[in-house]
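First the structure, in the form of structure tokens, and then the observations on it.
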Amino acid sequence: MEMFRKFGRCVGLLYQVVIFWMSPNQPNNWGRRAAGRDLAAYKITYPKLMGIEKSREFAHKLNMDAWAILPEFD
């Protein structure tokens, strides 16, 4: 059961990180999010907190961690 939690955490955080650094750079209809909506609402996002480069590094780590967990599902 723990591997499901770890995998879910990695994928969930990965989605949050990626959607927040991508949405300000995409057209308004991308991913059903208005471009820059979170920034306009003064929400704290991963890129705002960590910076774009660090948030991309964090996303890469989460991606690698999730892939490392997958063989345990077998």
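The numbering of the sequence shown is our numbering, which starts it at 347 and goes up by one.
For each residue, glycine too, the CB sits at the ideal point set by N, CA and C.
Note that the coordinates shown come from a computational prediction; the quantities given were computed from them, not determined experimentally.
Neighbourhood of L360 by C-beta distance below 8 angstroms, restricted to the same chain and skipping five residues each side: On the sequence shown, position 14 is the one that residue 360 refers to. Once the five neighbours on either side are set aside, the close Cβ partners of L360 are A405, L408, N409, A412.
According to DSSP, is D411 helix, strand or coil? Position 65 of the sequence shown holds residue 411. If DSSP states are grouped into helix, strand and coil, D411 belongs with the helices.
Nearest-angstrom Cα distance between V364 and R402? In the sequence shown, the residue the question calls residue 364 occupies position 18. In the sequence shown, the residue the question calls residue 402 occupies position 56. Taking the straight line joining both Cα atoms gives about 8 angstroms.
Going by other Cβ atoms of all chains shown within 10 Å of its Cβ, with 16 needed for buried, is R417 buried or exposed? For the purposes of this step, residue 417 is taken as the residue at position 71 of the sequence shown. A quick correction: the sequence has Pro, not Arg, at residue 417. Residue environment: P417 is assigned as exposed (fewer than 16 neighbouring CB atoms within 10 Å of its CB, all protein chains considered).
Would you say Y392 and F366 are within 9 angstroms of each other, going by their C-beta atoms? Position 46 of the sequence shown, counted from the start, is the residue given in the question as residue 392. Position 20 of the sequence shown, counted from the start, is the residue given in the question as residue 366. Yes; because the gap between Cβ atoms is below 9 angstroms, this pair is in contact.
Please report how far the alpha carbon of V357 lies from the alpha carbon of F419, in whole angstroms. Counting from 1 along the sequence shown, the entry for residue 357 is found at position 11. Counting from 1 along the sequence shown, the entry for residue 419 is found at position 73. Looking at the two C-alpha atoms, the distance is approximately 15 angstroms.
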